[in-house]
Amino acid sequence: MFPYLSVLIWLPIAAGIVVLLLGDKNVGAGRWLALAASIATLIVSLPLMLHFNSGTADFQFTEKLEWITRFHSFYALGVDGIAMPLVVLTAFITIPVIIAAWTVIEARPAQYYAAFLIMEGLMIGVFSATDALLFYFFWEAMLIPMFLIIGIWGGPRRVYATIKFFLYTFLGSVFMLVALIYMYVKAGDYSIAKFQSLPLTLIEQRYIFIAFFLAFAVKVPMFPVHTWLPDAHVEAPTGGSVILAAIMLKMGGYGFLRFNLPITPDASRELDLFIIALSLIAVVYIGFVALVQQDMKKLIAYSSIAHMGFVTLGAFIVYQIVRNTGGLQGAGMGMDGAMVQMISHGLVSGALFLCVGVLYDRVHSRQISDYGGVINKMPIFAAFMVLFALANTGLPGTSGFVGEFLVIIASFKASFWYSLLAAITLILGAAYTLWLVKRVIFGPVANAKVEHLTDLNGREFGVLAALAVAVLLVGCWPAPLLKVMQPTIHHLVDQAVASKIPV
Numbered sequence: 001m002f003p004y005l006s007v008l009i010w011l012p013i014a015a016g017i018v019v020l021l022l023g024d025k026n027v028g029a030g031r032w033l034a035l036a037a038s039i040a041t042l043i044v045s046l047p048l049m050l051h052f053n054s055g056t057a058d059f060q061f062t063e064k065l066e067w068i069t070r071f072h073s074f075y076a077l078g079v080d081g082i083a084m085p086l087v088v089l090t091a092f093i094t095i096p097v098i099i100a101a102w103t104v105i106e107a108r109p110a111q112y113y114a115a116f117l118i119m120e121g122l123m124i125g126v127f128s129a130t131d132a133l134l135f136y137f138f139w140e141a142m143l144i145p146m147f148l149i150i151g152i153w154g155g156p157r158r159v160y161a162t163i164k165f166f167l168y169t170f171l172g173s174v175f176m177l178v179a180l181i182y183m184y185v186k187a188g189d190y191s192i193a194k195f196q197s198l199p200l201t202l203i204e205q206r207y208i209f210i211a212f213f214l215a216f217a218v219k220v221p222m223f224p225v226h227t228w229l230p231d232a233h234v235e236a237p238t239g240g241s242v243i244l245a246a247i248m249l250k251m252g253g254y255g256f257l258r259f260n261l262p263i264t265p266d267a268s269r270e271l272d273l274f275i276i277a278l279s280l281i282a283v284v285y286i287g288f289v290a291l292v293q294q295d296m297k298k299l300i301a302y303s304s305i306a307h308m309g310f311v312t313l314g315a316f317i318v319y320q321i322v323r324n325t326g327g328l329q330g331a332g333m334g335m336d337g338a339m340v341q342m343i344s345h346g347l348v349s350g351a352l353f354l355c356v357g358v359l360y361d362r363v364h365s366r367q368i369s370d371y372g373g374v375i376n377k378m379p380i381f382a383a384f385m386v387l388f389a390l391a392n393t394g395l396p397g398t399s400g401f402v403g404e405f406l407v408i409i410a411s412f413k414a415s416f417w418y419s420l421l422a423a424i425t426l427i428l429g430a431a432y433t434l435w436l437v438k439r440v441i442f443g444p445v446a447n448a449k450v451e452h453l454t455d456l457n458g459r460e461f462g463v464l465a466a467l468a469v470a471v472l473l474v475g476c477w478p479a480p481l482l483k484v485m486q487p488t489i490h491h492l493v494d495q496a497v498a499s500k501i502p503v
């Protein structure tokens, strides 16, 4: 079988190295090579969708080679219904990021493109690895390009934001490494499938759950370890914010689904109320925090935290549903919603950050007060931004509605109060998002800077149009996405509710 996953990982990394070698003296060639490599990566990812067998929960497109023989660790790759959509999302989102920087990045452009290409390959590696040590390698290596992107091309407080981002994410991952080594000693190799079938006592599960929680909660990010994200978003260049929101945050949700629920099901059942409480705090409290933001990027960053709260809520609500209904019927609905929410948020948040980037390139300000009446000068841009803003509020017909609706319905099966608190985000999301649109887009022209704005060029229009089509397609026709995910989700539910405690 053709090694699709290896090509998806190493093609952008190799292209990134070539772009780096070409240097800034050949920036034109490097720019076109970066675009060609990102498009080629998306094309290679298409067979994953076209030839994916949606009738099984097994890993597909698998590859396995010897890697570190001493530790029984393999270069093992594969995707299931959870990983495959995230791989395709990563390949898709990288293209707008490359195009958006076409004429904007003037300092060290070759290094900028190379960092994103290398990071693309590493992120696909995270979603594709079926060996835990290989997963950890990609998980940690991915931090380096983002560290450089924020630290070199970021805003005035980029050093502070970079160090905070790195320390939060790296320190959380150290505990995950300890848990992986412990399970390797018990299992004999680093196969994630072996870890998922490993009999663990409740005490062991508790410690392993906490170790994974510390790594994945920071990445989501969950309350109260979310404070690094707004700083990172504000200081990051536009492309960095897009990748951070669209892809990197999803790794936390993916980690919970891949590791916590199937490996530590008893500890997950015992601590589910803790995760649900933190998720609901993120949904409600962070929504209020977003209301008072004056920086567009910071508002969207807090919005991301609130929306990612739906992911963790949907993932862990399964135990409450089983307790209330006494069976598994409908138990996977929350996880379905969590997965759709991850895909949707990747599209919508990425699009919103690109919209902010379009304005910033023209006005060089992210302050809401510096805008007003943009629709009078940029009607096409205004139409796109309003669409993405409505998707962010969960408008039916957009991708933002599907995931949130499924999670709220699943929450209702668990508790009326969970669903009530979760539904509050629809009100808060509409409040801070539409207030942002009202102040920036509508009304009379507010100042001379807005007076001289020009509408989207062809490059910007193409980027936003592609994202708009994706948002509407997932919103109006989510069935293909759900069909791919559901066998894996049902298998995951079975793993999550089955006790692993040795008799």
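Residue numbers (my numbering): 1 to 503.
Backbone N, C-alpha and C define an ideal beta-carbon position, used for all residues, glycine too.
Could you say if the stretch 380-388 and the stretch 461-479 meet the contact criterion of at least three C-beta pairs nearer than 8 Å?
With the cut-off at 8 Å, the stretch 380-388 and the stretch 461-479 touch.
Here's a check: name, in chain order, each residue in its chain whose Cβ is nearer than 6 Å to the Cβ of residue 217, leaving out the five neighbours to either side.
Excluding five sequence positions before and after residue 217, the CB atoms of its chain that fall closer than 6 Å to its own CB belong to 225, given in chain order.
At the level of alpha carbons, what is the spacing between residue 478 and residue 288?
If you take the alpha carbons of residue 478 and residue 288, they lie about 30 Å apart.
Where residue 359 falls: helix, strand or coil (DSSP)
Helix at residue 359.
Tell me which residue opens and which closes the beta strand (DSSP E) that residue 62 is part of.
In the DSSP annotation of this structure, the continuous segment of the beta strand (DSSP E) that includes residue 62 starts and ends at 60-68.
Please report how far the alpha carbon of residue 26 lies from the alpha carbon of residue 241, in whole angstroms.
C-alpha separation (whole angstroms): 26 Å.
Out of 262, 300 and 172, state which residue places its alpha-carbon closest to the alpha-carbon of residue 231.
For residue 231, the nearest C-alpha among the options comes from 300.
Span of the beta strand (DSSP E) around residue 78:
Start and end: 73-79.
Supposed close pair residue 486, residue 336 - CB separation, criterion 8 Å
Contact holds; Cβ gap of about 7 Å.
Backbone secondary structure at residue 446 - three-state DSSP
Coil.
Roughly how far, in whole angstroms, is the beta-carbon of residue 505 from the beta-carbon of residue 57, given that I think they are within contact range, below 8 Å?
This structure leaves residue 505 out entirely; the chain is present only between 1 and 503.
What residue does the alpha helix (DSSP H) around residue 254 start on, and which one ends it?
That run of the alpha helix (DSSP H) goes 249-255.
Would you tell me roughly how many angstroms separate the C-alpha atoms of residue 88 and residue 302, rounded to the nearest one?
Residue 88 and residue 302 have their C-alpha atoms spaced approximately 25 Å apart.
Which residues in the same chain have their Cβ closer than 7 Å to the Cβ of residue 271, if we skip the five residues on either side of it in sequence?
Cβ within range, chain order: 209.
Inter-stretch contact at 8 Å, needing at least 3 Cβ pairs: the stretch 116-123 / the stretch 4-11:
Touching, yes.
List the endpoints of the continuous alpha helix (DSSP H) containing residue 293.
Where residue 293 is concerned, there is no enclosing alpha helix (DSSP H), given that its DSSP letter is neither H nor E.
Can you give the Cα-Cα distance for residue 344 and residue 399, rounded to whole angstroms?
Near 5 Å, if we compare the C-alpha coordinates of residue 399 and residue 344.
Consult DSSP for residue 455 and reduce its assignment to one of helix, strand or coil.
In this structure, residue 455 counts as coil in the three-state DSSP scheme.
With 16 as the cutoff for other CB atoms within 10 Å, does residue 131 come out buried or exposed?
Classification of residue 131: buried, given that the 10 Å Cβ count is 16 or more.
Compare the Cα-Cα distances from residue 339 to each of 484, 278 and 219 and report the closest residue.
Closest option to residue 339, judged by alpha-carbon separation, among 484, 278 and 219: 484.
Cβ contact (3+ pairs, closer than 8 Å) linking the stretch 86-100 and the stretch 235-251:
Because the criterion of three Cβ pairs below 8 Å is met, the stretch 86-100 and the stretch 235-251 touch.
Alpha-carbon spacing of residue 283 relative to residue 113, whole angstroms:
Straight across, the Cα-Cα distance linking residue 283 with residue 113 is about 34 Å.
DSSP three-state call for residue 131: helix, strand or coil?
The three-state secondary structure of residue 131, taken from DSSP, is strand.
So, with DSSP's three-state summary, where would you put residue 349?
Note: residue 349 maps to helix in three-state DSSP.
Quick test of your reading: residue 348 and residue 388, contact by CB under 8 Å. State the CB separation rounded to the nearest angstrom.
Contact between residue 348 and residue 388 holds, since their C-beta atoms are separated by about 6 Å, short of 8 Å.
I'd like to check one pair, residue 439 with residue 501: are the Cβ atoms closer than 7 Å?
No; because the gap between Cβ atoms is not below 7 Å, this pair is not in contact.
For residue 494, the first and last residue of its enclosing alpha helix (DSSP H):
Start and end: 479-497.
Quick test of your reading: residue 431 and residue 261, contact by CB under 8 Å. State the CB separation rounded to the nearest angstrom.
About 33 Å separates the two Cβ atoms, so there is no contact after all.
For the stretch 136-153 against the stretch 47-65, are there 3 or more C-beta pairs whose distance is under 8 Å?
The stretch 47-65 and the stretch 136-153 do not touch, with fewer than three beta-carbon pairs separated by less than 8 Å.
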